[in-house]
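Taking UniProt numbering, the leading residue of the sequence shown gets 1, the next gets one more, and so forth. Glycine is no exception: its CB is placed at the ideal position from the N, C-alpha and C atoms. See structure below.
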Amino acid sequence: MFERHKGGDRAVLVCLDFNEPDYRDGQEEFVQLVESAGVTPVAMVEGSRRKPDPAFFAGTGKVEEIAEAVRANEAEVVIFNHQLSPAQERNLEKAMQCRVVDRTTLILDIFAQRARTAEGKLQVELAQLSHMSTRLVRGWTHLERQKGGVGLRGPGETQLETDRRLLGIRVKRLKTQLETVQKQRKTQRRARERRNEFSVSIVGYTNAGKSTLFNALTKANIYAANQLFATLDTTSRKLFLDQDHSVVISDTVGFIRQLPHTLVAAFRATLEETLHADLLLHVVDVNHPLRDMQVEEVNKVLNEVGAEHIEQLMVWNKIDLKGLAPAVEHDEYDKIRAVRVSAAQGEGLDLLRGALVDAMSQPVEE
Numbered sequence: 001m002f003e004r005h006k007g008g009d010r011a012v013l014v015c016l017d018f019n020e021p022d023y024r025d026g027q028e029e030f031v032q033l034v035e036s037a038g039v040t041p042v043a044m045v046e047g048s049r050r051k052p053d054p055a056f057f058a059g060t061g062k063v064e065e066i067a068e069a070v071r072a073n074e075a076e077v078v079i080f081n082h083q084l085s086p087a088q089e090r091n092l093e094k095a096m097q098c099r100v101v102d103r104t105t106l107i108l109d110i111f112a113q114r115a116r117t118a119e120g121k122l123q124v125e126l127a128q129l130s131h132m133s134t135r136l137v138r139g140w141t142h143l144e145r146q147k148g149g150v151g152l153r154g155p156g157e158t159q160l161e162t163d164r165r166l167l168g169i170r171v172k173r174l175k176t177q178l179e180t181v182q183k184q185r186k187t188q189r190r191a192r193e194r195r196n197e198f199s200v201s202i203v204g205y206t207n208a209g210k211s212t213l214f215n216a217l218t219k220a221n222i223y224a225a226n227q228l229f230a231t232l233d234t235t236s237r238k239l240f241l242d243q244d245h246s247v248v249i250s251d252t253v254g255f256i257r258q259l260p261h262t263l264v265a266a267f268r269a270t271l272e273e274t275l276h277a278d279l280l281l282h283v284v285d286v287n288h289p290l291r292d293m294q295v296e297e298v299n300k301v302l303n304e305v306g307a308e309h310i311e312q313l314m315v316w317n318k319i320d321l322k323g324l325a326p327a328v329e330h331d332e333y334d335k336i337r338a339v340r341v342s343a344a345q346g347e348g349l350d351l352l353r354g355a356l357v358d359a360m361s362q363p364v365e366e
């Protein structure tokens, strides 16, 4: 029998290099994720492999090195910057004698901490249960004990089957509740369409400054912080651009590399706001060394939810950190392609408002 360990806040981090060109930057982002979850990193174990080990993900020698780091630092949890199979998690926990968490579980935990609205909490719970269901299939042996005893032996359910059935019932209920939320969103969208309101959604990599830009434009007071996934819940406001033009602008959840598919599925109702937008403001941290990769990751998720056809206006944010001046960039057809701003300093916002007015006047492409 194997009972899972409870874990804690002191963590040994594991980051293995599989000959990835952006390994070092991915490692820095991993540390940010861990800190965003409120966990204290006490050690980092690195290594190189050609491919994951089927049983432990890391090699046996590296596993012993991780276990030694756990003992030396009195760590309570080991966090991998990789996705682990249920069997790998089980084997590693036996070897480490502490809780082992993979990247997907870490991101789900951050989302669980950040969700504020009823919809956000439903979406996170659905994602967590969907992820947990894969851990039940080939997960922990203590769930496979047959219910026994006098009068109870025979063709009854195993505990694993009972847990899977109860989990399935809860997942079905959550999906029904989210469908209700989705219908409410459709009703709100139809009302906006009847009023012929131009709709704008802010998208971008997490921590690119989306919520800061939203607050600066609308004078809203939604939470914004220098951390990954500071806000999850979609917020919409009416934004007056000038005397004759206004739009409905929405802030959305940030994206990240290797965003768990369970999260994309659970947040589909939220992300579908982008499907019905007339324009996407794609906010990019112009100062980030991997900004091109971040743009690709955002577009990958947009493609996944079917929003690749929506017109985009790039917003190069945080120009104050790079010493750039606010400006409008045009393409070869003299169409506005991007606007350089500093949302935190309020620089270039008038240029952005002007670009939005210009976008409203563009003919709609069939």
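Would residue i and residue j qualify as a contact pair, given that the criterion is a beta-carbon distance under 8 Å?
i	j	result
G204	V283	yes
A75	C98	yes
A359	N317	no
I249	R237	yes
T235	D251	yes
V45	I66	yes
L108	L33	no
K322	V295	no
V341	P326	yes
S199	L280	no
F80	D102	yes
E304	V339	no
F57	H82	yes
R353	L241	yes
P289	T104	no
L126	L166	no
L129	R90	no
V63	A95	yes
I319	E347	yes
L239	T206	no
F111	V100	no
In three-state terms, what does DSSP make of residue i?
i	result
residue 384	Absent from the structure is residue 384, since the part of the chain shown begins at 1 and ends at 366.
R237	strand
N282	Looking at the sequence provided, one finds His at residue 282 rather than Asn. It is a strand residue.
T176	helix
N19	coil
E329	strand
F2	Annotation note: pLDDT 44 at F2 (below 50); position unreliable, no value reported.
G149	Because G149 carries a pLDDT of 42, less than 50, the predicted location of this residue cannot be relied on, and the following value inherits that uncertainty. If DSSP states are grouped into helix, strand and coil, G149 belongs with coil.
L324	coil
G8	coil
E144	Here the model assigns E144 a pLDDT of 46, short of 50, so the residue's position is not dependable, and the following value carries that caveat. If DSSP states are grouped into helix, strand and coil, E144 belongs with the helices.
Q258	coil
T117	coil
L166	helix
E297	helix
E74	coil
L84	coil
L290	coil
Shortest alpha-carbon distance to residue i belongs to which of the options?
i	options	result
G38	A11, E28, D22	A11
G120	Q177, R165, G168, S246	Q177
S48	A112, A327, C15	C15
V77	E64, R135, V305, L13	L13
K172	L122, F198, L217, N207	L122
K335	A355, P21, F214	A355
Q113	L349, S36, M132, L129	S36
L313	V301, L324, E329, L84	E329
A216	D350, R50, A87, S130	D350
G59	M132, D17, V31, Q27	D17
T19	R50, S246, F30	In the sequence as presented, Thr is not what sits at residue 19; that position holds Asn. Ranking the options by Cα distance to N19, first place goes to R50.
M132	L84, E179, A115, L92	L84
From the DSSP output, which residues share a beta bridge with residue i?
i	result
T252	T252 is not bridged to any residue.
I79	L13, V101
N317	D285
T60	DSSP, once it has assigned bridges, lists no residue as partnering T60.
I336	H330
Q312	L280
S133	Paired residue(s): none; S133 is not in a bridge.
V247	F198, L239
Checklist line | Entirely enclosed alpha helix (DSSP H) segments - the segment 341 to 366, minimum 4 residues | finding: Taking only runs of at least 4 residues, the alpha helix (DSSP H) segments lying wholly in the segment 341 to 366 are 349 to 360.
Checklist line | Unbroken stretches of the alpha helix (DSSP H), 4 residues or longer, contained in the segment 196 to 220 | finding: DSSP runs (the alpha helix (DSSP H)) wholly in the segment 196 to 220: 210 to 218.
Notebook entry, point to check: What are the complete alpha helix (DSSP H) segments, minimum 4 residues, inside the segment 86 to 112?
Noted result: Those alpha helix (DSSP H) runs which fall completely within the segment 86 to 112 and span 4+ residues are 86 to 96.
Next item on the list: Mind listing, in chain order, the continuous alpha helix (DSSP H) runs of no fewer than 4 residues lying wholly within the segment 24 to 69?
Entry: Within the segment 24 to 69, complete alpha helix (DSSP H) segments of at least 4 residues are not found at all.
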